[in-house]
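*Asks:* Chains as they are written, first to last, in our numbering: chain A, 1 to 317; chain B, 1 to 290; chain C, 1 to 439. No residue lacks a Cβ here, since even glycine has one placed at the ideal position from N, Cα and C. Submitted below is the structure of interest, expressed as structure tokens.
Now the structure itself:
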């Protein structure tokens with residue numbers, strides 16, 4: 001991987017330039033957008049209004065059964081923000097998201113680079129393995145992993161116990177919250193890496209060999225190649241992938257809910273998704289749950305502001 | 001698994017790095033495939049084999065009894081499969097069509113309200129869904145669509161349209177409008193130019209976006225458990241979740257549960273294998289354009 | 001719009017509860033609304049019954065369907081809702097007159113939550129007819145608000161202590177007669193490496209007996225508000241004894257719960273040290289015994305009197321320790337449009353014939369007049385009745401379902417099982433319970 005670097009200016013991104021939207025006074029765009037807007041309003045309109053509305057009302061089980069809900073202003077929000085529970089769950093979720101999304105991105109990029117540099121047969125084997133993992137439905141994923149880590153007959157404890165001096169038979173991986181979240185993080189990373197790896201790899205194939213050879217001739221080193229050529233080309237993909245992983249890992253619900261069903265349960269083992277579900281459906285505090293959902297949305301927007309701003313800027317051109 | 005890029009013209013190098021790389025790749029492939037393999041392996045084992053102290057690595061002399069029990073018994077697997085296929089099929093087709101049209105609008109045209117629409121489809125995805133279940137139930141019930149395919153589909157379409165539209169927007173923007181214009185100069189109508197030139201270039205993108213919509217719908221179970229309360233209307237994830245509960249004898253029959261899991265995973269794996277080539281192509285052009 | 005309509009129905013039916021701040025125009029008398037809808041329906045009504053979990057055997061469900069059709073002419077649909085989905089399903093469907101089950105079972109610990117918000121129809125007028133004071137009173141209270149009856153007992157079960165005669169003999173220990181001996185006996189078995197007791201760390205439903213036996217309570221009611229009582233000296237002493245039991249005698253783990261306690265003393269259930277003692281409802285009888293495959297290749301357990309036995313958990317000074325009564329209530333949804341059909345179904349359920357069928361299947365009949373049948377025909381019926389005589393229920397507090405949903409009791413017991421300091425944990429969980437218990 002010893003190569004030479006070209007002057008960066010001579011490089012041209014191989015991707016086709018995005019077309020400039022046209023300015024037209026035509027009803028066509030409205031017609032095109034109408035079905036999607038109707039679908040959104042049909043499925044989300046009423047629930048969304050209900051949610052915003054009820055985040056300002058005292059809406060509990062009694063209200064669900066007919067008592068008139070009362071407006072309480074910001075009480076629901078204040079209750080959440082002044083208590084310690086919401087902050088605790090939020091902090092846990094953020095750490096969980098950072099670790100999981102970080103691990104997913106690092107592993108995904110690493111695997112993509114690896115795939116670019118190995119023989120075809122090895123690459124295809126790896127790709128097939130990853131497609132299999134990616135294709136596993138979430139409930140099946142969680143069930144299988146629960147079986148792998150089963151305390152009595154799980155293969156993980158069996159393998160670990162083969163190590164000299166280690167006896168893990170009967171060890172329950174879902175017992176302590178830390179271990180519980182570690183397991184959840186590993187499973188989610190396992191399931192998300194294929195998407196990242198295959199996308200990044202697809203992006204890497206866009207880096208044309210001519211460019212690479214030119215760079216090699218100019219004497220660019222492996223690291224320099226990565227930094228000067230590969231990363232700039234990959235940047236848009238990486239930004240989006242990172243954003244998606246962040247959003248998905250922050251509001252993860254299904255995996256945590258299922259894992260709680262298999263082992264330990266309770267607020268100690270909650271992340272934002274299960275916490276909001278528990279507040280609402282579980283305990284009947286729908287108003288507070290709605291407020292919590294609104295706060296999470298605001299938080300997510302703040303977190304992904306870098307992207308939203310970029311998008312709007314690009315749009316304003 | 002091939003890509004659209006130029007064939008590799010790498011100079012043949014006898015680098016040991018490549019062998020090490022291939023070795024690492026194989027180890028990783030095993031790591032990623034192992035849970036899937038273990039699921040299939042366990043699904044062929046009898047109760048006594050599966051609970052033995054030493055794991056059975058390869059199901060030699062395995063049994064099909066687990067599959068028989070799942071498929072023949074009154075477990076409801078077939079009903080759930082049909083329900084899942086129905087819901088996913090309907091929601092997916094509607095979602096792709098609507099999202100595609102919407103993506104054309106926001107990437108090919110500039111119109112009043114466009115920015116609001118773009119923002120809306122992004123923000124909607126950041127909203128946790130778990131607090132809206134009650135309202136969604138009320139709405140579906142008000143429409144008289146509880147326990148129906150139409151009822152879940154309405155919500156599922158709304159759930160996946162934003163992301164699909166967002167993703168497709170990148171693909172559409174990636175196909176230069178100049179190409180279409182060139183075709184129009186050659187005498188095609190705008191629609192004809194679109195169908196002949198742009199649409200084929202978008203196919204991989206549609207597939208890649210479709211895969212995501214498919215996965216989201218196929219996997220959903222929280223809302224389904226509220227809207228589909230009748231046992232006859234379960235979707236597969238709901239079915240598997242209930243099936244993986246311990247029996248009245250307490251022990252989870254892992255062999256049967258793994259047979260059930262395998263059956264739930266098979267349709268998706270088949271689907272992936274069918275679309276994988278286009279999907280990989282799609283990934284190339286897709287998210288890239290943000 | 002839909003919601004206001006539902007609101008009105010639920011409000012009207014809630015009747016006795018004063019609901020401040022509701023200015024709905026549809027304040028009709030519940031009886032008027034009820035008889036009106038019955039009159040318009042007139043005769044055959046198709047109704048739906050929700051049963052929780054799979055405790056009600058198939059034969060009984062069939063009996064209900066046939067009898068209902070005979071008496072009413074309409075059809076009865078029975079749907080089984082998993083316990084895990086119970087709260088979500090009841091919360092969404094019960095207020096919704098278009099989709100509510102007409103009659104539904106509800107766990108006795110969840111009854112109070114739903115009765116206080118007016119989810120059930122007032123059936124005080126049927127109370128005498130359905131059994132009156134012969135009905136298990138603890139459960140009746142759980143389904144009442146003041147003197148108004150909303151949900152009545154469906155069945156009960158009491159917890160027994162199941163043991164392995166062969167293992168007790170092998171270890172040279174006798175059936176314990178005091179609570180302290182339960183710990184001694186099992187600790188001795190564990191020390192000898194023979195067996196231990198299955199004490200799941202999250203299993204507060206069985207562990208709570210140690211609090212009750214020492215005179216403690218989960219919470220107390222002063223006529224207006226509920227106050228958690230975990231930190232009282234009695235409750236703390238109970239937990240101390242339970243912690244000792246867990247640490248010296250348990251072969252279960254901190255994260256285990258009561259879902260597998262049913263079969264813990266079957267052969268080969270645990271790897272390593274087996275369990276010689278476990279606590280489970282009396283219908284665990286059907287899951288305990290020698291394991292063999294039946295013709296269909298399923299594992300079934302056959303009770304073996306030589307190997308298996310049961311006793312009632314002894315109290316601190318002998319006698320009987322109060323156990324937590326399991327079971328459920330049943331009531332008519334306030335939003336039902338088929339009041340007459342629902343009442344017919346209730347009459348069938350509380351008839352001698354159906355109550356006897358429950359008893360025969362090991363489910364304690366709600367009407368204690370039929371308890372004789374229960375002691376005769378039900379497995380361990382005599383022991384179960386003895387245990388039931390001193391059984392207790394969870395607080396009939398509006399917020400109890402929320403506490404169960406948040407799994408606070410599980411967490412408290414697991415924290416104690418992990419060896420935590422009981423006094424400070426009790427104070428901590430008292431505060432958590434108090435946050436939710438009054439709804």
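(1) For residue 293 (chain A) and residue 131 (chain B), what's the separation of their Cα atoms in angstroms?
(2) Expressed to the nearest angstrom, what Euclidean distance is found between the alpha-carbon atoms of residue 355 (chain C) and residue 104 (chain C)?
(3) Kindly provide the ranges of any alpha helix (DSSP H) runs that are 4 or more residues long and lie completely inside the region 128-202 of chain A, ordered along the chain.
(4) Output, in sequence order along the chain, the residues in the region 123-146 of chain B whose CB is closer than 7 Å to any CB in chain C.
(5) Excluding the five sequence neighbours on either side, which residues of its own chain have a C-beta within less than 6 Å of the C-beta of residue 88 (chain B), listed in chain order?
(6) For residue 99 (chain C), tell me which candidate among B:257, B:229, B:269 and B:120 has the shortest Cα-Cα distance.
(7) DSSP has residue 70 (chain A) in a bridge; who is on the other side?
(8) Excluding the five sequence neighbours on either side, which residues of its own chain have a C-beta within less than 6 Å of the C-beta of residue 48 (chain C), listed in chain order?
(9) Less than 7 Å between C-beta atoms, sequence neighbours within five positions excluded: which residues of the same chain meet that for residue 268 (chain B)?
(10) Please tell me whether residue 72 (chain C) has its Cβ less than 9 Å away from any Cβ of chain B.
(11) Which value, in whole angstroms, describes the spacing of the CA atoms of residue 192 (chain A) and residue 184 (chain A)?
(12) Looking only at its own chain, which residues have a Cβ that is under 7 Å from the Cβ of residue 59 (chain B), when we skip the five neighbours before and after it?
(13) Alpha helix (DSSP H) containing residue 115 (chain C): first to last residue?
(14) Taking only beta-carbon atoms, is residue 196 (chain B) less than 9 Å away from chain A?
(15) Listed in chain order, which residues of the region 224-238 of chain B have Cβ atoms closer than 8 Å to some Cβ of chain C?
(16) Could you give the distance in angstroms between the alpha-carbon of residue 206 (chain A) and the alpha-carbon of residue 83 (chain C)?
(17) Going straight from the alpha carbon of residue 226 (chain B) to that of residue 260 (chain A), what length do you get?
(18) Does DSSP put residue 184 (chain B) in a helix, a strand or coil?
(19) Chain A partners of residue 87 (chain C), CB-CB under 8 Å?
(20) Which residues in the same chain have their Cβ closer than 6 Å to the Cβ of residue 162 (chain B), if we skip the five residues on either side of it in sequence?
(21) Quick one: measure Cβ to Cβ for residue 405 (chain C) and residue 87 (chain C), integer angstroms, because I've assumed they're closer than 8 Å.
(22) In chain order, which alpha helix (DSSP H) runs of at least 4 residues are fully inside the region 189-214 of chain B?
(23) In the region 93-117 of chain C, which residues sit with their C-beta less than 8 Å from some C-beta in chain B, listed in chain order?
(24) Does residue 264 (chain A) have its Cβ less than 9 Å from a Cβ in chain C?
(25) Quick one: grab the DSSP three-state call for residue 303 (chain C).
(26) Considering only their Cβ atoms, is the gap separating residue 139 (chain B) from residue 47 (chain A) smaller than 9 Å?
(27) Please tell me whether residue 197 (chain B) and residue 183 (chain B) are closer than 9 Å, where the distance is taken between their beta carbons.
(28) Between residue 317 (chain C) and the rest of its own chain, which residues show a CB-CB distance below 6 Å, the 5 nearest in sequence each way excluded?
(29) Are there 16 or more other CB atoms within 10 angstroms of the CB of residue 39 (chain C), so buried, or fewer, so exposed?
(30) For a cutoff of 9 Å on Cβ pairs, would you count residue 249 (chain C) as touching chain A?
(31) Please list the terminal residues of the continuous beta strand (DSSP E) segment that includes residue 195 (chain C).
(32) What alpha helix (DSSP H) runs, 4 residues minimum, are completely inside the region 235-281 of chain B?
(33) Please report the straight-line C-alpha distance between residue 275 (chain C) and residue 45 (chain C), rounded to a whole angstrom.
(34) Does any residue of chain A bring its CB to less than 9 Å from the CB of residue 334 (chain C)?
(35) By the three-class DSSP mapping on this structure, what secondary structure does residue 57 (chain B) have?
(36) Can you name the residues that DSSP bridges to residue 281 (chain C)?
*Replies:* According to the data block:
(1) What you label residue 293 (chain A) is simply residue 293 of the first chain in a count that begins at 1. What you label residue 131 (chain B) is simply residue 131 of the second chain in a count that begins at 1. So the two alpha carbons sit approximately 6 Å from each other.
(2) Position 355 of the third chain, counted from the start, is the residue given in the question as residue 355 (chain C). Position 104 of the third chain, counted from the start, is the residue given in the question as residue 104 (chain C). The straight-line gap separating the alpha-carbon atoms of residue 355 (chain C) and residue 104 (chain C) is approximately 17 Å.
(3) List check, alpha helix (DSSP H) in window: 138-148 and 155-162.
(4) So the list reads 134, 137, 138, 141, 142, 144 and 146, given in the order they occur along the chain.
(5) Residue mapping note: residue 88 (chain B) aligns to position 88 of the second chain, counting from 1. Excluding residues within five positions, the ones whose Cβ falls inside 6 Å are 217 and 218.
(6) Within the third chain, residue 99 (chain C) is the residue found at index 99, counting from 1. Here the closest residue by C-alpha is B:229.
(7) Taking the first residue of the first chain as position 1, residue 70 (chain A) is located at position 70. Per DSSP, the beta-bridge partners of residue 70 (chain A) are A:58.
(8) As a position in the third chain, residue 48 (chain C) is number 48, starting the count at 1. For residue 48 (chain C), where only same-chain residues beyond five positions count, the Cβ hits under 6 Å are 77, 101 and 102.
(9) Taking the first residue of the second chain as position 1, residue 268 (chain B) is located at position 268. Close CB contacts of residue 268 (chain B) within its chain, under the 7 Å cut and outside five residues either way in sequence, are with 218 (chain order).
(10) Residue mapping note: residue 72 (chain C) aligns to position 72 of the third chain, counting from 1. It does not; no Cβ of chain B falls within 9 Å.
(11) Mapped onto the first chain, residue 192 (chain A) falls at position 192. Mapped onto the first chain, residue 184 (chain A) falls at position 184. Here the alpha carbon of residue 192 (chain A) sits roughly 12 Å from the alpha carbon of residue 184 (chain A).
(12) Sequence index remark: in the second chain, residue 59 (chain B) carries index 59 (1-based). For residue 59 (chain B), where only same-chain residues beyond five positions count, the Cβ hits under 7 Å are 41, 44 and 45.
(13) Here residue 115 (chain C) is taken as the residue at index 115 of the third chain, counted from 1. Annotation for residue 115 (chain C): the continuous alpha helix (DSSP H) segment containing it runs 108-116.
(14) Here residue 196 (chain B) refers to the residue found at position 196 when the second chain is read from its first residue. Output row for residue 196 (chain B): interface = no.
(15) Cβ contacts with chain C: 225, 226, 229, 230 and 231.
(16) Position 206 of the first chain holds residue 206 (chain A). Position 83 of the third chain holds residue 83 (chain C). Computed Cα separation, rounded: 53 Å.
(17) As a first step, residue 226 (chain B) is located in the second chain; it is residue number 226 there, counting from the start. As a first step, residue 260 (chain A) is located in the first chain; it is residue number 260 there, counting from the start. C-alpha separation (whole angstroms): 19 Å.
(18) For this step, residue 184 (chain B) is matched to residue 184 along the second chain. If DSSP states are grouped into helix, strand and coil, residue 184 (chain B) belongs with the helices.
(19) Locating residue 87 (chain C) in the third chain gives position 87, counting from the first residue. Simply 281 and 282.
(20) Here residue 162 (chain B) corresponds to residue number 162 of the second chain, with the count starting at 1. The residues are 121, 124 and 125.
(21) Counting from 1 along the third chain, the entry for residue 405 (chain C) is found at position 405. Counting from 1 along the third chain, the entry for residue 87 (chain C) is found at position 87. About 6 Å; that satisfies the 8 Å criterion.
(22) DSSP runs (the alpha helix (DSSP H)) wholly in the region 189-214 of chain B: 190-193.
(23) Answer set for the region 93-117 of chain C: 93, 96, 98 and 99.
(24) By one-based count along the first chain, residue 264 (chain A) stands at place 264. Proximity of residue 264 (chain A) to chain C, defined by a Cβ-Cβ separation below 9 Å, is satisfied.
(25) If you number the third chain from 1, residue 303 (chain C) lands on position 303. When secondary structure is reduced to three states using DSSP, residue 303 (chain C) falls in the coil class, being assigned neither helix nor strand.
(26) To locate residue 47 (chain A), count along the first chain from 1; it is residue 47. To locate residue 139 (chain B), count along the second chain from 1; it is residue 139. Yes, these two residues count as a Cβ contact at 9 Å.
(27) As a first step, residue 197 (chain B) is located in the second chain; it is residue number 197 there, counting from the start. As a first step, residue 183 (chain B) is located in the second chain; it is residue number 183 there, counting from the start. Yes, these two residues count as a Cβ contact at 9 Å.
(28) As a working mapping, residue 317 (chain C) is identified with position 317 in the third chain. No residues qualify anywhere along the chain.
(29) In the third chain, counting from the first residue as 1, residue 39 (chain C) sits at position 39. Only weak support is given to the placement of residue 39 (chain C): the predicted model assigns it a pLDDT of 42, under 50, and the value that follows is read from those uncertain coordinates. Burial call: exposed.
(30) The residue you call residue 249 (chain C) lines up with position 249 of the third chain. False, the Cβ-Cβ gap to chain A never drops below 9 Å.
(31) By 1-based counting over the third chain, the position of residue 195 (chain C) is 195. Residue 195 (chain C) -> no beta strand (DSSP E), and no H or E assigned at all.
(32) Taking only runs of at least 4 residues, the alpha helix (DSSP H) segments lying wholly in the region 235-281 of chain B are 236-243.
(33) Numbered from 1 along the third chain, position 275 holds the residue referred to as residue 275 (chain C). Numbered from 1 along the third chain, position 45 holds the residue referred to as residue 45 (chain C). Residue 275 (chain C) and residue 45 (chain C) have their alpha carbons spaced roughly 51 Å apart.
(34) On the third chain, residue 334 (chain C) is found 334 positions in, with the first residue counted as 1. Cβ-Cβ to chain A under 9 Å: yes for residue 334 (chain C).
(35) Counting from 1 along the second chain, the entry for residue 57 (chain B) is found at position 57. Assigned with DSSP and collapsed to three states, residue 57 (chain B) falls in coil, not helix or strand.
(36) Here the question's residue 281 (chain C) lines up with position 281 in the third chain. Looking at the DSSP assignment, residue 281 (chain C) forms a beta bridge with C:159.
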